[in-house]
Amino acid sequence: MQRLQQNPKKHSTMTDFLDMQMGPELLQMDLLPILFGHLKASTVPAPSPSNMRADNPTADRAFFALAALTKLGNLMAPLHPAVSLDKVESQVLEGWEGTFKWCGYIYSIRVAPGADVVPAELRRNAMDIIGGTLYSLSRSERIRQVMLNTEGSVELATRLWIAEDSGPIPTRLPIPVGTAALDAILTVPEWRLPSATDQDGKVTDFKAWDEKVEKESDRHSQTVRAMLDRVIKAAGGSPSNVVEFAFSRLRTATANNARLHEPRSALSLDLIGHLSRAPDHPLRLGFLGAGMTLFVTKLAIKIGGVLEEASKNSGRRQIGYHPDFPFPSGDPRSEGLQDAFVACLGFLHNTLESTDGFSWVVKAVNGGLLQAWILAAREMHRFASREDADMVLDLLSKLVTRYMVYKSVVTAVDGAMKKIERPNDVHREWKDPKAKKVWQDFRKLAIERYLVALELKEVKKNAAICNNVKCQKVDVKNNFRKCSACSTTLYCSKECQTEDWKAGHKVVCKLKQQEFLEGKYQSISKGDSDYFHHLSTYDARHNSLYLRQLAQEKYPDIASDPSALVITINYLKVPPVYSLYPLSEHGKHSPRLSPDASPNAEARNEELIQRVRDNPGKYSVIESKIANGQGMQLVNSIVTGAFWQKEGWIPTENVLDASSEDSDEEASSRKAIARSRIRDLKDLDASGSTSIIGRFMRLMDDADGGKNGVHRCKVHGH
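Take the sequence shown: its position 272, counting from 1, is numbered 352 in the working numbering, and each next residue is one higher.
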C-alpha cells in the first residue's frame, strides 16, 4: 500500500507488480481509491515523445496503478466470497474515465506506430499493462458495458490486438492479453426473447408483444453490428484484413499439437466467434468465405483427439470446475484443450445457419462434424459447464437435424456415417445419457431420411402422373410426354396436354419458366427441392391416421372432405409438428409476400392454390416449414385427391410421438398415431440393410404428387 501511495518506481520493479497477488484484504483497506487517485483524468499530460523520455513521477504512478488493476479481474470472475462486487464496480466506474485516458496516453507514447524510439522492453510492458487492465476490468458485465460505450475503447483494444505479437520481446503474461481484452469487450450477452406474460401470468397483447420483440431484436442487432464496424475501422477499414489477420493468428496458435492447450488457442477461437456474431455482417461472411467452417471442423477433430489422449493419460480424472470442488482438478492442459474444443464447436453452432444454412451444414459434415461431435460426446461428462454440453447436444439434435430435409445434407450425413466405425454401437460407453439419446435419435433419423431419398429415386424413375386434372393417370415416367415450354409438366396424351393448357397451365407454364430463370441464382438445387417435396408428402401419408383424427377434433364439419384441409408440417421443430387448417383460410394462415420471395414465385404459388380451390377433391395441399439460414423456407406441395384414400399401408409395430400445434391440454388428451419407419438401429448397418430397404420401398405409393410450389419468408427465429 505504501509503495502504491508513494512513487512505485523507486520501491519496486515491473516484475514485482506483475507477480503481485491482489487479495480481498487489500480491497477492504480501500486500495481502489488509492489506485484511481493516481489515474485522474485531469493529470493526463498531452502525448509527446518528450513526455516519454522525461522523468515523470505522475506517469510512473499511473503506470504502476494500471499494473495493479490487471489483478482485479481475478477477484470479480469468479467472485471471491469476501469481495463486495457492487462496491468494487462502483469504485471502478467512478475511476474509469481517468483510467481509460491514461491507457490511451501510454499507448500513444509507448505502443503506437509513431513511437519508434521506445525501447522494446518498455513497449512490451506497456502493451501488457494496457491490455491486462482492459481485460481485467471487462470481466464485470456492468463495467464491460460502460467500457463498450466509451468512445475509443473498442478501437484501443483492436489496436492492441494487432500490435500484440509485434516486437522482439514476447509477453511475460500467461495469456495474450491483447486478444483477451478485445474478446472480452466484444462479449455482448445473447438477446433473450421477452416473456409474453405479465407478472400475474396472463398473456399480454400479442401485437404489442410482437412489436416489442422486433424492436428489441433490431436494437440488439444494431449494437452488435456497430461494435464490429468499430473494429474494422480501427484495423484500417477493410473487413478482409481483419479476417485474414485473425485467421493467421489462429493458424499460428494451433499449428503445434503440443501447444494446443495454451490459452492462445481458445482465445483466438473465441475472438473469431465474437467477430462473427452478426449473421449478415461482412466479417462473418468473410470468415466463411475464407474457409473457416472447414478449418474449425478439422481443428475440432484434432483437439478432440488430443483431449481424449490427455484424459486417458490423466487417469480419467475430472476436468474443469466441479460444484463440490472450488478449484480445478486433473491435468490443467486438459482444461485448455477443452476450452478450445468447445470454442470450435461453438463457432459452428453459431455460424452454420448463415446465408442458406444447408450449404455450411454440408461443408461441416463433409469435413468431419460427426466425428468431432462423437469425440465431444465421449468427454461430455467431464465438461466444466453443462451449458457447453447442451450447446454441443443442440448442434446435432436441433441444428443439423433441422437441415435433414435437404437431400444434400442427408447424402453428406450418410457418407459421414459410413466412415464411422460401428455407428450403431459407438455410444455404448458414453457416460452422458443425453449424448447417448441424441446420437441414437440422430442415427435413426439419418437412416430414415436416406431411405426416403432411395424411395424418391425409384418414384422419379418409375412413377408419374398426368397433369390434366380430369385424368391424373399414373404410369411409368417414360410413357408420358413433357410440356415443351417448361419441360417439367407431364401428360399421358396430346389431348390431355391441350385440355390442361386451356384449363390453366398456360399461365402456370410462363411462371414456371420465369421461376426457372430465377432459380439459376438460388442455392437450392433441384435435387434438394424434389427431396423436401417428397419428404413432406411421405411424412404426411405416414401420419394420415393421426391427421384424420386431428381433423375430426378440430374441424368436424369438413373432416369428411379432408382435401378441403391444408396439412402443415413444421420441420423447424424437433420432432416435426403436424397440424391442419381449412383451405379457405389459406391467405390467413400462410405468409404471402416476403422480402425474399419474387413476385413471380408468389404468383405461381397463388396459381397452384387457386387450381386446388377450383377443383375440389382433386388435389390436397401440404404446407411445410423448413430451415433456411436465419429465416425459413415455406414449401407448398400439391398432391392428388387420392392422397387421403390410401389407408392401411402404415406399419403398426412401432410408435413415434407426434407433435401438434394444439394446446398442451388438447395434445395430452389425444394419443398420437404417428409411427416410425425404422424399428431398431441394431437391425441396420451404415449403408442400410437390403431387407429394410426392400420393405421400405414396398410402402411406396404410386405417385409423388405432381405439382409443387415454393416461396420464402423471413422469420425472427425458429
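Beta carbons: idealized from backbone N, C-alpha and C, even for Gly.
As the structure is a prediction and not an experimental result, all values here were calculated from the model.
Taking only beta-carbon atoms, is residue i less than 8 Å away from chain D?
| i | result |
| --- | --- |
| ASN547 | Within the model displayed, chain D is absent; a lone protein chain is all it includes. |
Residue i bridges to which residues according to DSSP?
| i | result |
| --- | --- |
| PRO662 | LEU645 |
| ASP555 | ALA544 |
| MET156 | LEU159 |
| ARG310 | Answer by DSSP bridge pairing: none, since ARG310 is not bridged. |
| TYR571 | ARG561 |
| THR481 | Paired residue(s): none; THR481 is not in a bridge. |
When burial is assigned at 16 or more other CB atoms within 10 Å of the CB, is residue i buried or exposed?
| i | result |
| --- | --- |
| ASN337 | exposed |
| GLU535 | buried |
| ASP360 | exposed |
| PRO343 | buried |
| LYS499 | exposed |
| LEU273 | exposed |
| ALA335 | exposed |
| ARG396 | Bear in mind that a pLDDT of 41 at ARG396, under 50, signals an unreliable position, so the number given afterwards is only what the model happens to contain. The residue in question, ARG396, is exposed, as its Cβ has fewer than 16 Cβ neighbours within 10 Å. |
| GLY369 | exposed |
| HIS796 | Confidence at HIS796 is low in this model, with a pLDDT of 31, below 50, so its placement is unreliable and the value that follows should be read with caution. Burial call: exposed. |
| ARG466 | exposed |
| ASP99 | Residue placement at ASP99 is poorly supported in this model, since its pLDDT is 46, which falls under 50; the coordinates still yield a value, given next. Exposed, since its Cβ has fewer than 16 Cβ neighbours within 10 Å. |
| SER664 | exposed |
| ASN542 | exposed |
| PRO254 | exposed |
| MET156 | buried |
| PRO250 | exposed |
Comparing alpha-carbon positions, which option in the options lies nearest residue i?
| i | options | result |
| --- | --- | --- |
| GLU231 | PHE180, ARG204, GLY258, THR251 | PHE180 |
| VAL588 | ASN685, GLN629, CYS572 | ASN685 |
| ALA237 | VAL485, ARG339, PRO248, LEU214 | LEU214 |
| ASN695 | ALA583, ASP637, LEU660 | ALA583 |
| SER488 | VAL506, ASP512, SER564, ASP608 | ASP608 |
| PRO662 | THR648, ALA644, PRO656 | ALA644 |
| ARG190 | LEU266, GLU665, VAL198 | VAL198 |
| PRO503 | LEU308, ASN650, TRP453 | TRP453 |
| LEU152 | THR138, ASP140, LYS167 | LYS167 |
| VAL172 | LEU387, LEU449, TYR187, LEU111 | LEU111 |
| ALA496 | GLU433, GLY447, THR150 | GLY447 |
| SER301 | LEU387, ALA142, GLN710, TRP519 | GLN710 |
| LEU228 | PRO269, ARG203, LEU202, PRO254 | PRO269 |
| ILE718 | GLU703, PRO125, ALA707 | GLU703 |
| LYS606 | MET109, LYS537, LYS574, ASP641 | LYS537 |
| LEU428 | ASP419, TRP440, THR435, HIS666 | TRP440 |
| VAL657 | ARG413, ILE706, HIS614, SER275 | ILE706 |
| LYS517 | ARG339, LYS540, LYS478 | LYS478 |
| GLU105 | GLU501, ALA142, PRO161 | PRO161 |
| HIS585 | TYR486, LEU240, LEU202, GLU687 | GLU687 |
| ALA260 | TRP271, ALA276, ARG239 | ARG239 |
| SER670 | GLN713, SER640, GLY697 | GLN713 |
| GLY353 | TRP519, LEU374, ALA326, LYS378 | ALA326 |
| HIS614 | PRO127, TYR486, TYR571 | TYR486 |
| ALA145 | GLY178, LEU155, PRO125 | GLY178 |
| ILE649 | ASP245, ILE242, ASN716, LEU165 | ASN716 |
| PHE45 | LEU165, PHE116, ASP350, LYS668 | Beyond the ends of the chain as shown, which are 81 and 798, falls residue 45; an answer cannot be given. |
| SER434 | ALA420, PHE522, TYR483 | TYR483 |
| SER616 | LYS668, ARG529, PRO256, MET307 | ARG529 |
| SER233 | TYR635, ARG339, ALA264 | ALA264 |
| PRO636 | ALA620, ASN623, LEU660 | LEU660 |
| PRO127 | LEU374, ASN136, ARG462, ILE186 | ILE186 |
| ASP619 | ARG693, PRO113, LEU525 | LEU525 |
Checklist entry - Which runs of the alpha helix (DSSP H) fall wholly inside the region 404-468 and span at least 4 residues, in chain order? => result Within the region 404-468, the complete alpha helix (DSSP H) runs of at least 4 residues are 412-431, 438-447, 449-459.
Next on the checklist: Taking 8 Å as the cut-off, does the region 218-229 touch the region 196-210 (at least 3 CB pairs, one atom from each stretch)?
Outcome noted: The region 196-210 vs the region 218-229: no contact.
Next on the checklist: For the structure I just gave you, are there three or more beta carbon pairs, one from the region 365-384 and one from the region 291-308, closer than 8 Å?
Outcome noted: These segments do not touch.
Next on the checklist: Ignoring anything shorter than 4 residues, give me the alpha helix (DSSP H) runs that lie fully in the region 352-395, in order along the chain.
Outcome noted: Entirely contained in the region 352-395, the alpha helix (DSSP H) runs reaching 4 residues are, in chain order, 362-369, 372-393.
Item to check | Complete alpha helix (DSSP H) runs within the region 151-221 (minimum length 4 residues, chain order) | outcome: The region 151-221 is shown to contain whole alpha helix (DSSP H) runs of 4 or more residues at 153-156, 165-190, 200-217, in chain order.
Next on the checklist: Could you check whether the region 572-582 touches the region 455-468, counting it as contact only if at least three pairs of C-beta atoms, one from each stretch, sit closer than 8 Å?
Outcome noted: Judged by Cβ distances under 8 Å, the region 572-582 makes no contact with the region 455-468, as fewer than three pairs qualify.
Checklist entry - Are at least three pairs of beta-carbons, each pair with one atom in the region 625-641 and one in the region 649-656, less than 8 Å apart? => result Pairwise C-beta distances place the region 625-641 out of contact with the region 649-656, as fewer than three of them are shorter than 8 Å.
Checklist entry - With contact counted as at least three CB pairs below 8 Å, one residue from each stretch, are the region 501-517 and the region 552-561 in contact? => result No: the two stretches stay apart, fewer than three of their Cβ pairs being nearer than 8 Å.
Next on the checklist: What ranges does the alpha helix (DSSP H) occupy inside the region 319-345, keeping only unbroken runs of at least 4 residues that lie completely in it?
Outcome noted: Restricted to the region 319-345, the alpha helix (DSSP H) segments that are unbroken, complete and at least 4 residues in length are 319-334, listed in chain order.
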